[in-house]
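Take a look at the structure below.
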Amino acid sequence: MYVAHTSNDAVDVIDSRHDKYLHSVPGLPGVAGVLVSNEKDFVFTSNRGEKTVGVFPYGREEKLEKVRVGGFPNGLAFDPSRDALLAANVSKQDDPTPVTVSMVETKKKILTADIIVPGRTRWTVFDSRFGVAKSIACFRLEWSA
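Going from the sequence shown to our numbering is simple: count from 1 and add 102.
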């Protein structure tokens with residue numbers, strides 16, 4: 103099991119069968135999330151502190167490679183049929199810079215698109231039924247009595 107440990111700028115590796123901490127994958131500034139692809143045996147990280155996503159083969163953290171994306175990546179989604187990783191980028195409060203969703207081609211480890219989207223994104227998902235990606239925005243709701 104991989105756990106984003108944001109305050110340590112690392113991903114912790116846990117043996118969930120024996121409930122035991124194994125080690126950490128360091129050098130992931132502001133890591134916000136981890137995504138594991140069972141189809142391709144890859145692990146992806148969203149590193150907000152340096153505006154990158156990390157990619158490494160499952161169980162081979164020493165092969166970590168990073169790709170710069172267009173914002174502060176948060177939620178990740180992976181389409182194994184296209185080897186495409188999506189990162190929903192968040193912005194800092196009151197930042198006038200447009201919010202984007204970044205697409206990374208994982209075989210070549212390159213940014214292929216950085217798409218401006220309205221609102222403040224948080225997460226992304228791939229809908230395999232239609233072969234499309236969706237960005238999910240987080241809205242602030244205010245309630246009145």
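Cβ coordinates follow ideal geometry from the N, Cα and C atoms, glycine included.
Check the C-beta distance from Thr202 over to Gly172 and give it rounded, since I have them as a contact under 8 Å.
-> 4 Å
In the structure shown, what three-state DSSP assignment does Glu141 receive?
-> coil
Leu178 and Gly151 closer than 9 Å at C-beta = no
DSSP three-state assignment for Arg170, whether helix, strand or coil = strand
In whole angstroms, what separates the C-alpha of Val169 from that of Ser193?
-> 18 Å
C-alpha gap between Ile218 and Thr199, whole angstroms = 10 Å
Distance between beta carbons of Ala106 and Val136, contact taken as under 8 Å | 5 Å
CB-CB under 6 Å to Phe158, same chain, minus the five flanking residues each way: which ones, in chain order?
-> Val145, Lys165 and Leu166
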